[in-house]
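Chains H and G, in that order, give the protein sequences. So the first sequence is numbered by this note's numbering: it starts at 5 and just counts up by one. So the second sequence is numbered by this note's numbering: it starts at 2 and just counts up by one. Please read the structure below before turning to the comments.
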Amino acid sequence: MSLTVAARAVFVRELTLFARRKSDWANPLVFFLIVCSLFPFAIGSESEKLKLIGVGAVFVGALLAAMLTLPRLFDEDAKDGSLQHILLSREPLAALILARLAAVSVALALPLAIATPVFSLFYALPTDVALTLAVSVFIAVPTLVLIGAIASALLVSARGGAILTAVLVLPLTIPTLIFGAGAALKVLFGQSPAAELALQAAYLLFALALCPLAAAAALRISTD
Amino acid sequence: MLELNKVVIERGGRALFAPLSFSAAGGVLVRVAGVNGAGKTTLLRALAGLTSVESGTIHWLRKVSPHKNSRTSIFIGHSNGMKDALTARETWAYNEGVDGNFVTDAEIEAALHKMGVASLIDRRVGTLSQGQKKRVALSRLFSSSAANAAWLLDEPFVALDAATQILLAQHVSAALARGALVVLTSHQAIDIVAERVLEIELTPWKRGDA
């Protein structure tokens, strides 16, 4: 029972923080908009070419936008001292981290997934393709957050942590990138995206099982 | 009961103080003294379990508590560990909640009231002064979970006004009389009533010194 109390406390606090500090989720959204709106200018208005590139561009844009918040997953808490509360808790650290990442995932993935079909308009993507893309972004962002948590935990209070986090995390997100963009491309060519989405979801489950444990261990090491 | 056996803590490859051994039972006030940089904060963090020791052992032996959920120690450090965007009430609920304790609003109000900051309960922490923040952080010592724990207080009197310093000193004295173990670092000479006081002086040390 006390674990549910603890996990709930962590989850509620994180969402409250996101609700109070709107820039935490609005900044990634603005960044996403900028990336998506720049490509069409560079590529030109040829609609077939735009469609093909659009799928990848929107997806990569969403991933990079989500990446913006990773460095401060634990860093800010380490600086203001509030990290000690979860480190000193009697509840398992991995479970608390999972609760926290769940809140971050919700706060990031929802706005980005909702924006995806809208920003897809820049590329004249058909509605079904845009919606598939939204689903795959919704799966990809939590995957990225989970993987990013390990890097972020390892690099707590390290200087230049932001760029190192990106270097560590991006290679590991390639599977979700391939399957996610692949799902939308399948729809674009009139096929079913089920296989790609299933694989993408499997990768998310894999990350879900391993990343909180790894992040907890990393956090113990780096805050020692 | 707290027992330290030849504890050495390193920071940046350098031992902070000479190997430290002492033991203290409940009701003892352990005053940790030393110049700036002597390792007082690090020692307290190690006692709380936030920092690992290089060699030696730290043992917390405690009586079987009637409260299953009582924790060994409560650590209140320099950084108050509060988010500017949250209110005092939310901070409190989080700090206790993350430990698995469910706190009622009445308990939060009572604790804040005792530190004289009940009126700030729904103010965001970011709008409080340093002293007010410190008071909110220290009000945790009035929680029910603090009643059965050892207290690790790192410079608790800093930023507090004179009246609140006395209030806190009285609360610490009462806890000591109740049989709690308190480890305290402070540069201020504040009167705390304790039957038994253990003075620990941290002295700089280099490996190889006899």
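By construction, the Cβ of each residue, glycine as well, lies at the ideal position given by its N, Cα and C atoms. Values in this document were obtained by computation on a predicted structure and should not be read as measured data.
{"Item": "Three-pair Cβ contact test at 8 Å for the region 34 to 45 of chain H versus the region 65 to 76 of chain H", "Value": "yes"}
{"Item": "Residue 146/G to residue 21/G span [Cα, whole Å]", "Value": "29 Å"}
{"Item": "Neighbourhood of residue 56/G by C-beta, 6 Å cutoff - its chain only, sequence neighbours within 5 removed", "Value": "9"}
{"Item": "Segment limits, beta strand (DSSP E) that includes residue 33/G", "Value": "29 to 34"}
{"Item": "From 220/H, 212/H, 10/H and 158/H, residue whose alpha carbon lies closest to that of residue 109/H", "Value": "212/H"}
{"Item": "Residue-chain proximity (residue 68/G, chain H), Cβ-Cβ < 8 Å", "Value": "Low confidence applies here, because residue 68/G scores a pLDDT of 49, under 50, leaving its location unreliable and the question unanswered by this model."}
{"Item": "DSSP state of residue 164/G mapped onto helix, strand, coil", "Value": "helix"}
{"Item": "Residues that residue 25/H contacts on chain G, provided the C-beta gap is smaller than 7 Å", "Value": "86"}
{"Item": "Euclidean distance between Cα positions of residue 83/H and residue 35/G", "Value": "25 Å"}
{"Item": "Buried versus exposed, by CB contacts within 10 Å (16 or more), residue 194/G", "Value": "exposed"}
{"Item": "Chain A residues whose Cβ lies nearer than 7 Å to that of residue 47/G", "Value": "Checking the listed chains, one finds no chain A in this structure; the protein chains it contains are H and G."}
{"Item": "Cutoff 8 Å; reference residue 97/H; Cβ partners in own chain excluding five residues on either side", "Value": "90, 91, 220, 223 and 224"}
{"Item": "Listed by chain order, chain H residues near residue 91/G by CB distance under 8 Å", "Value": "17 and 20"}
{"Item": "Residue 69/G versus residue 42/G - alpha carbon distance", "Value": "Below a pLDDT of 50, predicted positions are generally treated as unreliable, and residue 69/G, at 48, falls in that range; the measurement from the model is reported next regardless. For residue 69/G and residue 42/G, the distance between alpha carbons rounds to 29 Å."}
{"Item": "CA nearest to the CA of residue 59/G, picked from 107/G, 5/G and 173/G", "Value": "5/G"}
{"Item": "Coil, strand or helix - residue 191/G by DSSP", "Value": "coil"}
{"Item": "Beta-carbon proximity of residue 59/H to residue 185/H, cut-off 8 Å", "Value": "yes"}
{"Item": "Cβ contact (3+ pairs, closer than 8 Å) linking the region 188 to 202 of chain G and the region 107 to 114 of chain G", "Value": "no"}
{"Item": "Contact set between the region 92 to 115 of chain H and chain G, restricted to residues whose Cβ is under 9 Å from the partner", "Value": "92, 93, 94, 95 and 100"}
{"Item": "Minimum Cβ-Cβ distance from residue 103/G to chain H less than 8 Å", "Value": "yes"}
{"Item": "N- and C-terminal bounds of the beta strand (DSSP E) containing residue 76/G", "Value": "74 to 77"}
{"Item": "Proximity below 8 Å, CB of residue 9/H to CB of residue 23/G", "Value": "no"}
{"Item": "Proximity test, Cβ basis, 8 Å: residue 163/H and chain G", "Value": "no"}
{"Item": "Limits of the alpha helix (DSSP H) - the one that residue 6/G falls within", "Value": "Taken as a continuous stretch (DSSP letters only), residue 6/G belongs to no alpha helix (DSSP H), being part of the beta strand (DSSP E) at 3 to 9."}
{"Item": "Between the CA atoms of residue 17/H and residue 103/H - distance to the nearest angstrom", "Value": "10 Å"}
{"Item": "Residue 65/H to residue 173/H span [Cα, whole Å]", "Value": "15 Å"}
{"Item": "Chain-order list of residues whose beta-carbon lies under 8 Å from that of residue 162/H (same chain, five-residue window excluded)", "Value": "168 and 226"}
{"Item": "Residue 93/G, DSSP secondary structure in three states", "Value": "helix"}
{"Item": "Distance between residue 91/G and residue 175/G (C-alpha atoms, nearest Å)", "Value": "28 Å"}
{"Item": "C-alpha gap between residue 15/H and residue 144/H, whole angstroms", "Value": "20 Å"}
{"Item": "Neighbourhood of residue 57/H by C-beta, 8 Å cutoff - its chain only, sequence neighbours within 5 removed", "Value": "43, 47 and 127"}
{"Item": "Burial state of residue 179/G, where buried means 16 or more other Cβ atoms lie within 10 Å", "Value": "exposed"}
{"Item": "Inter-residue Cα distance where the pair is residue 84/G and residue 100/H", "Value": "18 Å"}
{"Item": "Beta carbon proximity, residue 13/G to chain H, threshold 8 Å", "Value": "no"}
{"Item": "Interface partners of residue 186/G on chain H, CB under 7 Å", "Value": "By Cβ distance, chain H contributes nothing, its closest Cβ being about 16 Å from residue 186/G, past 7 Å."}
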